[in-house]
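Residue numbers (my numbering), protein chains in the order written: chain R, 1129 to 1495; chain B, -19 to 344.
Here it is, written out as structure tokens:
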């Protein structure tokens, strides 16, 4: 309350020092200010439980022994107002913001930072309520964000938490679909561990493990770079216009689902697709192996540029059609192992120049 | 209250206080100006008749229509609060943007339990609606006028998002979700982008004369995407009860359809291109059922006993069909009466593709 009064006083005090009209307006005096409770109908909160629906805000930086803010009911909006909730990093069950509500009323969390909670930064236990998290950063907690399904996260950032950056969704379908936009993960074991969600313009960097592990997801314009193992690991997932650069092992590993219009660079393997997966119109640049295609997967209309060891490895009923493969000396363009694979005719041009050659259907152009 | 505040204000001016700033970095001292106002509080049933900013001060329980917006240039901040109606009162609405009201913005709260619409935008109105949850209403969001919804959710309504536009009005639904409704997204002349429908009892999307881009439909009881006269791309449909995508007079490209009994039904001159269909692998599962002069090209189908069923004038060219051993070995392309199907090469034992026929379909 005091802060709110101070704010009003500050606004009122500013009036005399401005060189404004000093004559009062004609007519009766009318209301010029709102009532205090109208100006700020929200309630200030620092740390502790919220057990009543309503709109709350953090009135300053806050420290906590134990969990920070526990939201035990739905219908809560928590505005961190740019402040930071800080834990004592001493309690494996301590969370910066812990949503235990099991309600169908929404929960909104926005605009601030949680750090140094040993359990995790932000955890939402149930997917019953829609959850919106906007512009929240989780720094050096046990994990960054662990959210049951049905959540929307925008402009959230996980930085150097001990476990994973984001764990979103429920491994048991059918769960509610979540959406993440413009979220970033830096460091961590796994940047994003996702079930049944769509991600737009998210980025994972510097994970010791994999940037994105996704089941039943859609990822558009996402980036994974400098992760220790894989950039993207998907199952029954769609990747569109994503990029994987300089990951320790594989750029994209996919079991079922599709990869479209995506690119890799400087990974051990650019694309590793298997079990009826489909990659099309992709580009591998300077990966050790451009693509491995296996178990009835289709790799087509893509470019593999200067792989250091092998262009494409096809095995076990794979199909490889209509690709462009640019290789240096002593590098195999397409290698076939196992049985049952179908390869478009390999057409090799060993020297540059115009050609009137008519490309056969499905042919892979090697040059 | 106002008098008290002013008295305190002026008394502070004549009291000489410390002029040295406190030690340490500058920190926020109060509520941001943008949240102070100016504005007009709403604490009961209201008809807004003047431009300006309005906001809720608490949850509201309303018997009847809650808030009617009759003026243009109105911003309504729900401030995270909930407007609760009476589901037994026929056709009552939570927020009604009335005819002629333009430049309206509504954001940040919940509306529930109205028998009619959670939010209605009339045919000659214009509104932007952001981050609003509607649940338990007859219609979650019903847009007849030029409306844009961003980041909204409809749950447990009869219809989640219902768009009833025409060629003169732009209605766009972006990054919204519809869970557990009768039908998730429906209507005509709307654009749906980055939206998700899950667990709806009929269809995830039932859309005509519009566009659907980069959307997901998972675990809906009937059809993931039911499309008529629609341009659709980058769809993801999984585990829908009957059909992944049903398209009539539509174009569907670059989409993934996974584990529905029928992946795609294409009819009425529909074009399906560059889609990836994975069936259930169960007897009777169909990857793509094409008829009525639909064109299916450059698609990849797997794990369906009938990969592509081409009937009644369908055109099926340049597709690939997986015959993955040990799963479903009877993947095939059925050539029905009146259909045109590119030659089918069975290369399931492997080898080099030597055909020069660009229309060939390949079993592998």
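Heads up, the beta-carbon is just placed ideally off N, CA and C, and yes, glycines get one too.
Here the structure is a predicted model, which means the values were calculated and not measured.
| message | Among the candidates 1259(R), 1182(R), 1251(R) and 1225(R), whose CA atom is the shortest distance from the CA of residue 1294(R)? | response | For the purposes of this step, residue 1294(R) is taken as the residue at position 166 of the first chain. Residue 1294(R) has its Cα closest to that of 1251(R), out of 1259(R), 1182(R), 1251(R) and 1225(R).
| field | Member of 54(B), 61(B), 57(B) and 56(B) whose CA lies at the smallest distance from the CA of residue 1204(R) | value | Mapped onto the first chain, residue 1204(R) falls at position 76. When C-alpha distances from residue 1204(R) are compared across 54(B), 61(B), 57(B) and 56(B), the shortest belongs to 61(B).
| said: Can you find the residues in the same chain that come closer than 8 Å, C-beta to C-beta, to residue 1303(R), ignoring five residues on each side of it along the sequence? | reply: Working through the first chain from its first residue, we reach residue 1303(R) at position 175. Once the five neighbours on either side are set aside, the close Cβ partners of residue 1303(R) are 1255, 1276, 1277, 1278, 1297, 1323 and 1324.
| Cβ-based neighbour list, residue 24(B), same chain, cut-off 6 Å, excluding 5 preceding and 5 following | As a working note, residue 24(B) is residue 44 in the second chain. Taken in chain order, the list of residues that qualify is empty.
| task | Using a Cβ cut-off of 8 Å (strictly closer), state whether residue 283(B) contacts chain R. | result | Here residue 283(B) corresponds to residue number 303 of the second chain, with the count starting at 1. So yes, residue 283(B) belongs to the interface.
| said: If the cut-off is 9 Å on Cβ atoms, which residues from the region 1394 to 1423 of chain R count as contacting chain B, listed in chain order? | reply: Residues 1403, 1404, 1405, 1406, 1408, 1409 and 1423.
| said: Distance cutoff 8 Å, beta carbons only. Does residue 1307(R) sit that close to anything in chain B? | reply: Along the first chain, one-based indexing puts residue 1307(R) at 179. Yes, because at least one Cβ of chain B sits closer than 8 Å to the Cβ of residue 1307(R).
| Cβ-Cβ distance between residue 1289(R) and residue 1249(R) below 8 Å | In the first chain, counting from the first residue as 1, residue 1289(R) sits at position 161. In the first chain, counting from the first residue as 1, residue 1249(R) sits at position 121. In this structure, residue 1249(R) lies closer than 8 Å to residue 1289(R) by Cβ.
| Exposure label - residue 1483(R); buried when at least 16 CB within 10 Å | For the purposes of this step, residue 1483(R) is taken as the residue at position 355 of the first chain. Label assigned to residue 1483(R): exposed.
| Got a sec: is the Cβ-Cβ distance from residue 115(B) to anything in chain R below 8 Å? | Residue 115(B) sits at position 135 when you count from the first residue of the second chain. Output row for residue 115(B): interface = yes.
| query | Looking only at DSSP bridge pairs, what is residue 1485(R) linked to? | reply | Indexing the first chain from 1 puts residue 1485(R) at position 357. Partner(s): none; residue 1485(R) has no beta bridge.
| request: List the residues of chain B whose Cβ lies closer than 9 Å to the Cβ of residue 1205(R), in chain order. | output: In the first chain, the residue the question calls residue 1205(R) occupies position 77. Within chain B, the residues near residue 1205(R) are 59, 60, 61, 88 and 89.
| query | Of all the residues that make up the region 1459 to 1483 of chain R, which are near chain B by a beta-carbon distance shorter than 7 Å? | reply | 1467, 1468, 1469, 1470, 1471, 1472 and 1473
| Any 3 or more C-beta pairs closer than 8 Å across the region 1263 to 1273 of chain R and the region 120 to 133 of chain B | no
| Looking at C-alpha atoms only, which residue of 1441(R), 1475(R), 1472(R) and 1473(R) is the closest neighbour of residue 1466(R)? | What you label residue 1466(R) is simply residue 338 of the first chain in a count that begins at 1. Looking at the Cα atoms, 1441(R) is the closest of the given residues.
| request: For the region 230 to 247 of chain B, enumerate the residues whose C-beta is nearer than 7 Å to any C-beta of chain R, in chain order. | output: Flagged, chain order: 234, 236 and 238.
| task | Report the option in 142(B), 132(B) and 73(B) whose CA atom is closest to the CA atom of residue 48(B). | result | To locate residue 48(B), count along the second chain from 1; it is residue 68. Answer by Cα proximity: 73(B).
| message | Determine, for residue 109(B), whether the minimum Cβ-Cβ distance to residues of chain R falls below 8 Å. | response | In the second chain, the residue the question calls residue 109(B) occupies position 129. No, no contact with chain R.
| query | Unbroken alpha helix (DSSP H) runs of length 4 or more, entirely within the region 123 to 160 of chain B: which are they? | reply | none
| Where DSSP assigns a beta bridge to residue 1193(R), which residues make up the other side? | Position 65 of the first chain, counted from the first residue, corresponds to residue 1193(R). Residue pairing of residue 1193(R) in beta bridges, as defined by DSSP: absent, with no partner found.
| Where residue 140(B) falls, given that 16 or more other Cβ within 10 Å makes a residue buried | The residue labelled residue 140(B) in the question sits at position 160 within the second chain. Counting Cβ neighbours within 10 Å, residue 140(B) comes out buried, since at least 16 surround it.
| query | Among 1333(R), 1422(R), 1214(R) and 1170(R), which has the Cα closest to the Cα of residue 1463(R)? | reply | If you number the first chain from 1, residue 1463(R) lands on position 335. Closest option to residue 1463(R), Cα to Cα, is 1422(R).
| task | Pull up the CB-CB distance for residue 1339(R) and residue 1352(R), whole angstroms please, since I reckon it's below 8 Å. | result | Locating residue 1339(R) in the first chain gives position 211, counting from the first residue. Locating residue 1352(R) in the first chain gives position 224, counting from the first residue. That pair is a contact at about 3 Å.
| query | At which residue ranges does the region 1339 to 1393 of chain R contain complete beta strand (DSSP E) runs of 3 or more residues, listed in the order of the chain? | reply | 1340 to 1343, 1346 to 1348, 1351 to 1353, 1358 to 1368, 1371 to 1373, 1378 to 1388 and 1391 to 1393
| Cutoff 6 Å; reference residue 1354(R); Cβ partners in own chain excluding five residues on either side | Locating residue 1354(R) in the first chain gives position 226, where the first residue counts as 1. The residues are 1333, 1334 and 1374.
| request: Assign residue 41(B) to buried or exposed, taking buried as 16 or more other Cβ atoms, counted over all protein chains shown, within 10 Å of its Cβ. | output: Residue numbering aside, residue 41(B) sits at position 61 when the second chain is read from its first letter. Residue 41(B) is exposed by the Cβ-count criterion.
| Alpha-carbon spacing of residue 1194(R) relative to residue 1223(R), whole angstroms | In the first chain, counting from the first residue as 1, residue 1194(R) sits at position 66. In the first chain, counting from the first residue as 1, residue 1223(R) sits at position 95. Between residue 1194(R) and residue 1223(R), the C-alpha separation is close to 7 Å.
| Spatial distance of residue 1392(R) from residue 1433(R) (CA atoms) | One-based indexing of the first chain puts residue 1392(R) at position 264. One-based indexing of the first chain puts residue 1433(R) at position 305. Straight-line Cα distance between these residues: approximately 10 Å.
| request: Let me know if residue 262(B) comes out buried or exposed under the rule of 16 or more other beta-carbons within 10 Å of its beta-carbon. | output: By one-based count along the second chain, residue 262(B) stands at place 282. With fewer than 16 other Cβ atoms within 10 Å, it is exposed.
| Opposing strand residues paired with residue 1412(R) [DSSP bridges] | Reading the first chain from its first residue, position 284 is the one you call residue 1412(R). For residue 1412(R), which the question treats as bridged, DSSP gives the partners 1392(R) and 1432(R).
| request: Give the interface partners of residue 1298(R) over in chain B, defined as CB-CB distance under 9 Å, in chain order. | output: Taking the first residue of the first chain as 1, we reach residue 1298(R) at position 170. Ordered by position in chain B, no residue passes the 9 Å Cβ test against residue 1298(R), which lies about 11 Å from the chain.
| request: Inspect the beta-carbon positions of residue 168(B) and residue 143(B) and report whether they are closer than 8 Å. | output: Position 188 of the second chain, counted from the first residue, corresponds to residue 168(B). Position 163 of the second chain, counted from the first residue, corresponds to residue 143(B). Cβ atoms of residue 168(B) and residue 143(B): closer than 8 Å.
| message | For residue 1364(R), tell me which candidate among 45(B), 282(B), 337(B) and 145(B) has the shortest Cα-Cα distance. | response | Counted from its first residue, the first chain places residue 1364(R) at position 236. Checked all of 45(B), 282(B), 337(B) and 145(B); the closest Cα to residue 1364(R) is 282(B).
| request: Answer with yes or no whether the minimum CB distance from residue 333(B) to chain R is below 8 Å. | output: By 1-based counting over the second chain, the position of residue 333(B) is 353. It does: the Cβ of residue 333(B) has a partner Cβ on chain R nearer than 8 Å.
| message | So, at 6 Å on beta carbons, what are the nonlocal neighbours of residue 123(B) in its own chain, with the 5 sequence-adjacent residues on each side left out? | response | Walking along the second chain from the start, residue 123(B) turns up at place 143. Excluding residues within five positions, the ones whose Cβ falls inside 6 Å are 101, 143 and 151.
| request: Establish whether the CB of residue 1346(R) and some CB of chain B are separated by less than 8 Å. | output: As a position in the first chain, residue 1346(R) is number 218, starting the count at 1. Output row for residue 1346(R): interface = yes.
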